[in-house]
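Novice:
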């Protein structure tokens, strides 16, 4: 009988949604993996700052099921949760680092401007002292690398480097419409720019974590699909992508 391995996720839908038993994803994944923890849409920079205390219960434009992801980004308990859940593997993707801004409430407190917050009026109620964005990519990488080294130092107190899997993925430039016709997105240059910067961060990550495993989904041949259960997006792929991802992770974790 195959041993079920415990997996934790630090990342986005790129890493979390393949661990779903819905028909679109992987109905039998629980025979192989148990998802014991998810840190969703948190950047490494924000994770390495101090706790942010804010009551978000009144914000009805943050869906109830997503409020916990916002709280977890604010509470900075990622390393404690790793210690508590003791995963066999930690799957990381750098979507939030490559694409999302980091808002500093003070010099030592920051939050990730996640898609959840981008759709909420909460951003109108928070006074930021500075924003670390991607306009100056060299500055962003400098700040990010400092945080990444801090992240490594703390993370390796709880798991070995060989237990870390970097999910190397990218935004898709094409999708299938409702008639299953392959359609290009309107802004390929912008998508290429995002993906290029994301790849630069992946390269830096592997320099800091050279013993980490790599799951590379970039040349899988899959594209987006309007039938994705959680909405159409350049981050959301056709069903086969997630089946392939499960197969590849099973091979990596043998």
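Residue numbers (UniProt numbering): 1 to 254. Where is the CB? At the ideal position from N, CA and C, for every residue including glycine.
Nearest-angstrom Cα distance between residue 163 and residue 64?
Specialist: Distance between the alpha carbons of residue 163 and residue 64 is about 32 Å.
Novice: Just grab the DSSP bridge partners of residue 86 for me.
Specialist: Answer is none; residue 86 lacks a bridge partner.
Novice: Taking the Cβ atom as the reference point for each residue, do residue 257 and residue 110 lie within a distance shorter than 8 Å?
Specialist: A question about residue 257 goes unanswered here, because the residues of the chain that appear run from 1 up to 254.
Novice: What residues are listed by DSSP as bridge partners for residue 109?
Specialist: The partner list for residue 109 (beta bridge, DSSP) reads 50 and 106.
Novice: Inspect the CB distances between the region 71-89 and the region 150-163 and report whether three or more fall short of 8 Å.
Specialist: Enough Cβ pairs lie closer than 8 Å, so yes.
Novice: Could you tell me which residues DSSP puts in a beta bridge with residue 9?
Specialist: Residue 9 pairs with 38 and 91.
Novice: Give me the residue from 24, 4 and 114 with the minimum Cα distance to residue 39.
Specialist: Checked all of 24, 4 and 114; the closest Cα to residue 39 is 114.
Novice: I'd like to check one pair, residue 41 with residue 120: are the Cβ atoms closer than 8 Å?
Specialist: Contact: no.
Novice: Assuming residue 213 is part of the beta strand (DSSP E), what are its boundary residues?
Specialist: 213-216 is the extent of the beta strand (DSSP E) around residue 213.
Novice: Do you know how far the Cα of residue 176 is from the Cα of residue 232?
Specialist: Approximately 10 Å, taken between the alpha carbons.
Novice: What does DSSP give as the partner residues of residue 167 in its beta bridges?
Specialist: According to DSSP, residue 167 bridges with 215.
Novice: What are the start and end residues of each continuous alpha helix (DSSP H) run of 4 or more residues lying completely inside the region 128-161, in chain order?
Specialist: Complete alpha helix (DSSP H) runs here, min 4: 137-155.
Novice: Rounded to the nearest angstrom, what separates residue 220 and residue 138 at their Cα positions?
Specialist: Distance between the alpha carbons of residue 220 and residue 138: 30 Å.
Novice: Could you check the C-alpha separation between residue 268 and residue 34 for me, to the nearest Å?
Specialist: Since the first residue of the chain shown is 1 and the last is 254, residue 268 is not available in this structure.
Novice: Ordered along the chain, which non-local residues of its own chain (more than five positions away) have a Cβ less than 7 Å from that of residue 152?
Specialist: Cβ neighbours of residue 152 beyond the five flanking positions: 208 and 209.
Novice: Flag this pair as touching only if the region 51-65 and the region 15-30 have three or more C-beta atom pairs under 8 Å; answer yes or no.
Specialist: Contact fails: fewer than three Cβ-Cβ distances are below 8 Å.
Novice: Report buried or exposed for residue 100, applying the criterion of at least 16 other Cβ atoms within 10 angstroms of its Cβ.
Specialist: It counts as buried.
Novice: Below 8 Å on the Cβ atoms is my guess for residue 51 versus residue 75; work out the distance and round it to an integer in Å.
Specialist: That pair is a contact at about 6 Å.
Novice: Sort 204, 236, 226 and 228 by Cα distance to residue 217 and report the nearest one.
Specialist: Nearest of 204, 236, 226 and 228 to residue 217, Cα basis: 236.
Novice: Pick helix, strand or coil for residue 175, following the three-state DSSP scheme.
Specialist: Strand.
Novice: Can you tell me which of 102, 123, 149 and 182 puts its alpha carbon nearest to the alpha carbon of residue 130?
Specialist: It is 102.
Novice: Helix, strand or coil: how does DSSP classify residue 125 here?
Specialist: The answer is helix: DSSP assigns residue 125 an H, G or I state.
Novice: Should residue 224 be labelled buried (16 or more other beta-carbon atoms within 10 Å of its own) or exposed?
Specialist: Classification for residue 224: buried.
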